[in-house]
Amino acid sequence: MKTILPLLLALFVITSCTQNSKENPVSEVAKSNKTDEGGAEFAIVIHGGAGTILKKNMTDEKEDAYRKILEKAIRTGYEILKNGGTSLDAVTKTINIMEDSPLFNAGKGAVFTNAGTNELDASIMDGKTLNAGASAGTTTVRNPIDLARAVMDKSPHVMLSGKGAEVFAEAQGLEIVDPEYFYTVNRFNALQRAKEREQIELDHDDKSAFYDAEIKDFKFGTVGCAALDKDGNLAAGTSTGGMTNKRWGRIGDAPIIGAGTYANNATCAVSSTGWGEYFIRAMVAHDISALMAYKGLTLKEAAREVIHDKVGGLGGDGGIVAVDKNGNMVFEFNTEGMYRASMNDQGELTIEIYEK
Ligand code: ASP
């Protein structure tokens with residue numbers, strides 16, 4: 003017995019060392035994620051912006067219109083995934099529906115800059131290859147998410163901006179519109195209100211109050227989508243007009259890979275919405291993925307930490323939608339509401355607007 007014991011001990015040490023060396027961090031993450039509730043073969047989650055969205059400020063008709071378009075958008079992506087399509091296609095086509103609706107601050111409903119123009123930003127990321135594409139400050143491309151996708155698929159770059167991005171879009175055969183296409187009365191009036199308030203605040207020499215008030219009230223409606231397809235590939239995309247009354251070529255988080263959008267098959271896919279400056283500083287989308295990869299957190303835990311502790315701690319607000327590699331879906335926001343919807347592989351649909 004005395005001679006066998008040390009032998010057994012040595013054998014145990016050798017076997018456990020060999021096992022450890024075979025395990026990479028990715029499979030560790032996979033294990034920890036499996037402890038999340040739910041999970042699905044494929045899944046899709048979308049947002050239409052976060053902010054001070056209160057039931058008392060909403061009419062039944064308006065709420066109904068939002069719910070209808072959220073449902074139309076998510077069902078578009080769901081069908082693609084159900085039929086074995088890619089998460090990238092699901093994300094692109096789902097975002098197209100919301101870009102074409104004047105209800106959201108993306109594509110047709112984009113907000114106005116201080117100069118009275120509409121400057122649009124978008125990005126998309128492929129979790130399988132970690133390829134990504136983004137466009138910033140375009141004024142003539144009807145669907146900026148298509149441009150982001152083309153940048154990813156058909157150019158050697160990750161991000162294009164302004165005129166150059168528009169030239170590229172045209173060369174790729176994307177739909178080019180007169181900048182007038184983006185005009186909507188509601189958004190134009192919002193710009194006038196923002197400017198009036200700006201003047202009042204400036205007259206009172208209280209710039210910080212102006213910035214807080216304007217930014218909080220005039221940035222709703224960015225759209226985004228995250229999806230997992232049947233092949234286990236994740237993708238995420240985000241599209242926006244940015245913030246009303248923005249100037250000096252301001253670019254938010256939406257086209258910044260790692261801030262507004264991130265996808266990695268090893269962890270999750272995330273799309274953000276909110277006060278872009280804070281989301282850039284907190285690197286929101288990538289940080290959620292990193293917390294899962296390096297700290298072994300579940301998607302929910304990671305999203306909570308980043309939105310509430312990190313963004314909230316800095317004084318920013320907004321939210322994310324995300325799906326992990328096992329199909330667990332998460333909405334997380336620190337605002338009064340976020341237009342949002344999800345669908346799993348069973349076809350179960352949820353549409354929510356307000357804080358629960
Ligand atoms: N994140 C966007 C931006 O800062 C705005 C939003 O999502 O509401 O441009």
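Under this note's numbering, the very last position in the sequence shown is 358; numbers go up by exactly one each time. Every residue gets a Cβ at the ideal spot worked out from N, C-alpha and C, and that includes glycine. Only a predicted model underlies this, so the values are computations on that prediction, with no experimental measurement involved.
Taking 8 Å as the cut-off, is the C-beta of MET161 nearer than that to any heavy atom in ligand 1?
For ligand 1, not one heavy atom lies less than 8 Å from the Cβ of MET161.
Could you tell me the distance, in whole angstroms, from the CA atom of GLU182 to the CA atom of ARG144?
Using only the alpha carbons, I get a separation of about 11 Å.
For ALA237, list the residues DSSP reports as bridge partners.
In the DSSP output, where bridge partners are listed per residue, ALA237 has ASP128 and ALA229.
Where DSSP assigns a beta bridge to GLY321, which residues make up the other side?
For GLY321, which the question treats as bridged, DSSP gives the partners THR275 and PHE335.
Kindly confirm or deny that the region 128-147 and the region 156-164 touch, where touching means at least three C-beta pairs closer than 8 Å.
Enough Cβ pairs lie closer than 8 Å, so yes.
Among the residues of its own chain, which have a CB less than 8 Å from the CB of GLU338, if the five just before and after it don't count?
Correct list, in chain order: GLY53, THR54, ILE55, LEU56, TYR356 and GLU357.
May I ask you to report which of helix, strand or coil DSSP gives ASN191?
Helix.
Less than 8 Å between the CB of SER125 and some heavy atom of ligand 1, yes or no?
No, ligand 1 has no heavy atom inside 8 Å of this Cβ.
Ignore the nearest five residues each way along the sequence and tell me which others in LYS232's own chain have a CB closer than 8 Å to its CB.
Excluding sequence neighbours, LYS232 sits near GLU43, PHE44, LEU83 and GLY86.
For ASN59, which three-state DSSP category applies?
Helix.
Taking 9 Å as the cut-off, decide whether the C-beta atoms of GLY139 and MET340 are in contact.
Their beta carbons are not under 9 Å apart, which means GLY139 does not touch MET340 by this criterion.
Among ILE126, PHE333 and ASP180, whose alpha-carbon lies nearest the alpha-carbon of MET154?
Answer by Cα proximity: ILE126.
Where does MET340 sit, in a helix, a strand or coil, going by DSSP?
Looking at MET340 - three-state DSSP - the assignment turns out to be strand.
Is the beta carbon of ALA261 sitting closer than 9 Å to the one on ALA284?
Contact flag set, yes.
Distance check for ASP205 and ALA75, CA to CA, integer angstroms please.
Going by the C-alpha atoms only, they are around 44 Å apart.
Here's the rule I'm using: 16 or more other beta-carbon atoms within 10 Å means buried, otherwise exposed. How should ASN346 be labelled?
Counting Cβ neighbours within 10 Å, ASN346 comes out buried, since at least 16 surround it.
What does the alpha-carbon distance come out to for the pair GLU177 and ALA167?
Between GLU177 and ALA167, the C-alpha separation is close to 13 Å.
Any heavy atom of ligand 1 closer than 8 Å to the beta-carbon of SER103?
No, ligand 1 has no heavy atom inside 8 Å of this Cβ.
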